[in-house]
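Read the structure below first, then the notes.
In this note's numbering, the protein residues as written are 1192 to 1345.
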């Protein structure tokens, strides 16, 4: 995967994600209609957390970040959800834009070789591909949650 291909895919998937959120509309983003009583706003905050983590990996050239990575997936997500309770939708939406812009900037700073070689990132298992870590924590995440949002709200 080249940096250009990754950026193109990320940008195209972000357009689709933003289009879906527009279709849902801000009036329905706070409704707890998704699995485990989550709202679309909760999902947006959740996705932003993962994008910030991916940005940190790219910037630091290291597989480090929140101590929540050591938790089982469901428990980590519960912590992210709890951390974002009571936040204003406008704040969550702004944070999502900032997180996405930071991810794009971090991607611009890496090379094609960086994205293909785990040894360029401290503590990353050699069998991993850094581009895939970015994909899983950004556009693949959009796709995953878009299915659930469509099923419940559209």
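Backbone N, C-alpha and C define an ideal beta-carbon position, used for all residues, glycine too.
With 16 or more other Cβ atoms from the protein chains shown falling within 10 Å of its own Cβ, residue 1332 counts as buried.
Straight through space, the alpha carbons of residue 1259 and residue 1267 are spaced by roughly 5 Å. The segment 1235-1291 is shown to contain no whole beta strand (DSSP E) run of 3 or more residues. Secondary structure note for residue 1322: its alpha helix (DSSP H) is the uninterrupted segment 1321-1327. Under the criterion of beta carbons closer than 8 Å, residue 1326 and residue 1317 do not qualify as touching, at roughly 18 Å.
In this structure, DSSP gives residue 1232 a helical state, which the three-state scheme calls helix.
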